[in-house]
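The letter at position 256 of the sequence shown is residue 259 when you use the numbering used here, and the numbering goes up by one with no holes.
For every residue, glycine included, the Cβ atom is placed at its ideal position computed from N, Cα and C.
I have placed the structure first, in the form of structure tokens, so that the comments after it can refer back to it.
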Amino acid sequence: MFRHSIKNIVIFSFIVLGILIRPSYATFTKSPSNPVLGLGASGSWDDYDVYVPFLQKIDGTFHMWYGGRKNPAAGGVWKIGLATSADGINWTRSSSNPVLNSGPAGSWDESQVDQPSVLIDGSAYYMWYQGKNALIKTRFGLATSADGINWTKSSSNPVLNLGPSGAWDDARIADPDVLKINGTYYMWYAGMDGSTWRIGLATSADGINWTKSSSNPIMNPGPSGAWDDVWVTSPVVMMMGSTYHMWYSGYDGSAWRVGRATSPDGINWTRSASNPVLDLGPSGAWDDARIICPGILLEGSSIYMWYSGHDGSNYRIGLATEELPDISASPASRYFGTVAVGYVSPSQIFTISNNGTTDLVIGSVYLTGTNPYQFSILNDTCASTTLTPSGTCTIEARYEPTKTGTMYAEIDVNSNDLDTPTLYIDLTGTGVDTSPPVANPGGPYTGTEGEAITLDGSGSTDPDGTITLYEWDIDNDGTFDYSSSLATQSHTYAQQGTYTINLRVTDDLGATDEATTTATISDTLPTADFTGSPTSGLAPLTVNFTDNSTGYDQPLSYEWDFDNDGIIDSTVQNPSNIYTAGTYSTSLTATDSDGSTNSLTRTDYIAVTACLSPVRIAGATPVYYSTLQVAYDAAVDGDIIQSQAAVFVENFNININKSVTLQGGYDCDYATVTGVTTINGTMTVSDGIVTVENFVVE
4 MFRHSIKNIV IFSFIVLGIL IRPSYATFTK SPSNPVLGLG ASGSWDDYDV
54 YVPFLQKIDG TFHMWYGGRK NPAAGGVWKI GLATSADGIN WTRSSSNPVL
104 NSGPAGSWDE SQVDQPSVLI DGSAYYMWYQ GKNALIKTRF GLATSADGIN
154 WTKSSSNPVL NLGPSGAWDD ARIADPDVLK INGTYYMWYA GMDGSTWRIG
204 LATSADGINW TKSSSNPIMN PGPSGAWDDV WVTSPVVMMM GSTYHMWYSG
254 YDGSAWRVGR ATSPDGINWT RSASNPVLDL GPSGAWDDAR IICPGILLEG
304 SSIYMWYSGH DGSNYRIGLA TEELPDISAS PASRYFGTVA VGYVSPSQIF
354 TISNNGTTDL VIGSVYLTGT NPYQFSILND TCASTTLTPS GTCTIEARYE
404 PTKTGTMYAE IDVNSNDLDT PTLYIDLTGT GVDTSPPVAN PGGPYTGTEG
454 EAITLDGSGS TDPDGTITLY EWDIDNDGTF DYSSSLATQS HTYAQQGTYT
504 INLRVTDDLG ATDEATTTAT ISDTLPTADF TGSPTSGLAP LTVNFTDNST
554 GYDQPLSYEW DFDNDGIIDS TVQNPSNIYT AGTYSTSLTA TDSDGSTNSL
604 TRTDYIAVTA CLSPVRIAGA TPVYYSTLQV AYDAAVDGDI IQSQAAVFVE
654 NFNININKSV TLQGGYDCDY ATVTGVTTIN GTMTVSDGIV TVENFVVE
């Protein structure tokens, strides 16, 4: 990846399906391997200082051109060397170092060459550099190379001179940084008037003949008390999308640090509120005295910054990195299709995600582009929001054409914070003239509550298109309850009544029409049903009734008439009743929750027979009596006299010489012993034998 090349705008624009991302670099983390390029071996050309790195990545290998020198006390002068690395940390110096030396005696760069800026255009390498002569006049020269190692200085050198007397850059110029944008070379550089370093801009059509900007200096020192309020220098600029990004060195009278700024045009710059973005190391560190002259590369999702650090004695080169915020939209763009003028498209919800590892601050969200008023933002949860890593927000938009033709706009997800990316979502739609569809909801419909009816909109038509959407509002409350590409729709009404139904149809151009019809829904009656058990027997007969009624409108209520005399005998669901002898019809009326009723009468349903006489002499043909005494008097020796579980009010005399058995406590038909027989009186035995079972004398 070439940081400065003829293709740099394309390489450093994150443009994917209409999204443009402006990265952030508020916080850099220094490498634990620092310094990554130390002093050269003792006695070598760069054994005293190495600084001002300039980086390119070529065929997967990092290339660093840098300034180096021996101890100036031993005659050391600045020269330019080259080192390469596979990872940006472990560097190998070129065996050809230094790759650019100072000029011959008397030349404009006889005393020093350093501060390289290398641009790769096709197969050619171009290096702008600072040169100095014995009069300490700094100027910029140009050298070219086919391999980045063997350089030829331009015969036109120096290509940029000091400004005229009284100019802001009449004393010194330094730190050239060159980009080629749309065929024009742009050089940002530092200039000094004898007291203050500032930053300026020059442009050129050929890289040799330069014109300084009339806006120079384009960056001055910061306000009093700022970290860069004395000097600003060492600019390095990268374009990302349509925004210029500058890292630069700032000085407050005590220390140098690195900051950054952004610009829409390369001239008017806004400093980051996070400055400085790279600060001095702790006391005793290799970079505790000075941080200056950054070299920048975009590597994957990170900004790599190599920089010059000074410990009070020597310069070395270190590395710091920062992760870029990673913002995305899903979908990344939207074509709303062809929509009829005067109508609206279905809306699209865009989900904005923070895919990075740092918080993402969103400022404003707005429509811009060629035709912003042909679109609208319906809902926005992103504006003035801070998204944490993996956080999301949403923006809902639609196309609302007021004229024919293809329209373009974009949603800008912007920020008031320079550390936050800007996201652009492309919107497109085509407005057309059209005849709207004609809705026909069918009907009027009839039905019964709780049972489905089929709504049929197949009678709807479109004279110049195709109906693609049928929406049904089944109770005309303004909310469409069903949405489908099918013309028919099944619906079940819960309650009886007359309902207004609204059908809206939409064609393939977005045109719509609505029409209404009615549905008359009748009540569902309950069904009364019951059984009784037993339904026949001897009096007194207890009958248990079981309700089997059904009904749509629950719960049901009940009215029982056990003898069909018109009087309500019970309102419980499953009652019981004791019947005397006779034949009875029984009636049940069931009432549902909306008051509808249904009745069932079972005629002659209960048959109750009266009890047999209370006393009998058992046998093949029993003989029945009304009192115990009469039965005893009629009995012969060995008879069994049986009595019901009843109370006999009499005085009972056993006074005949015979043997009988008295068995008491029988039920009404002498089938089962259910209790005891009670004699309310006396029982006297004066002759004969009597065996007594289940009797009580009171």
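What number of angstroms, rounded off, separates the C-alpha of residue 92 from the C-alpha of residue 268? 34 Å
Buried or exposed: where does residue 581 fall if 16 or more other Cβ atoms within 10 Å of its Cβ makes it buried? exposed
Whose CA, out of 514, 556 and 550, lies closest to the CA of residue 525? 556
Determine contact between the stretch 311-318 and the stretch 331-344, defined as no fewer than three beta-carbon pairs at a distance below 8 Å. no
Taking only beta-carbon atoms, is residue 273 less than 9 Å away from chain D? Absence of chain D from the displayed structure is noted, only one protein chain being present.
Comparing C-alpha positions only, which one of 699, 203, 695 and 647 sits nearest to residue 676? 647
I'd like the span of the alpha helix (DSSP H) that includes residue 635, first residue to last. 631-637
Can you list, in chain order, the residues of its chain with a C-beta nearer than 7 Å to that of residue 583? Leave out the 5 residues immediately preceding and following it. 542, 543 and 611
Sorted by chain position, which residues of the same chain lie with C-beta nearer than 8 Å to residue 285's C-beta, five sequence neighbours on each side aside? 291
Cβ-based burial, residue 150 [other Cβ within 10 Å; buried from 16]: exposed
Cβ neighbour criterion (16 or more within 10 Å) applied to residue 627: exposed
Taking 8 Å as the cut-off, does the stretch 432-448 touch the stretch 349-360 (at least 3 CB pairs, one atom from each stretch)? no
Ordered along the chain, which non-local residues of its own chain (more than five positions away) have a Cβ less than 7 Å from that of residue 697? 666, 667, 668, 676, 679 and 680
Would you kindly work out how many angstroms separate the C-alpha atoms of residue 527 and residue 553, rounded to a whole number? 11 Å
Restricting to runs no shorter than 3 residues, where is the beta strand (DSSP E) found entirely within the stretch 151-189? 154-156 and 175-184
Rounded C-alpha distance that separates residue 188 from residue 246: 17 Å
Taking only three categories from DSSP, how would you classify residue 297? strand
May I ask you to verify whether the stretch 273-283 touches the stretch 41-51, counting CB pairs closer than 8 Å and requiring at least 3? no
In angstroms with no decimal places, state the Cα-to-Cα distance between residue 372 and residue 440. 32 Å
Taking just the CA atoms, how far does residue 620 sit from residue 662? 13 Å
Rank 135, 599 and 163 by C-alpha distance to the C-alpha of residue 110 and give the top, closest one. 135
Supposed contact pair residue 551 and residue 532 - C-beta distance, whole angstroms, cut 8 Å: 4 Å
Taking 9 Å as the threshold (C-beta atoms), are residue 223 and residue 235 in contact? yes
Rounded to a whole number of angstroms, what is the C-alpha to C-alpha distance between residue 331 and residue 263? 24 Å
The stretch 360-369 contacting the stretch 461-471, beta-carbon criterion three pairs below 8 Å: no
Whose C-alpha, out of 325, 475, 376 and 510, is nearest the C-alpha of residue 438? 510
Where do the N-terminal and C-terminal ends of the beta strand (DSSP E) with residue 396 fall, by residue? 395-402
From what residue to what residue does the beta strand (DSSP E) around residue 547 run? 544-550
Going straight from the alpha carbon of residue 212 to that of residue 191, what length do you get? 15 Å
Pull up the CB-CB distance for residue 40 and residue 319, whole angstroms please, since I reckon it's below 8 Å. 7 Å
For residue 83 versus residue 128, is the C-beta distance shorter than 9 Å? no
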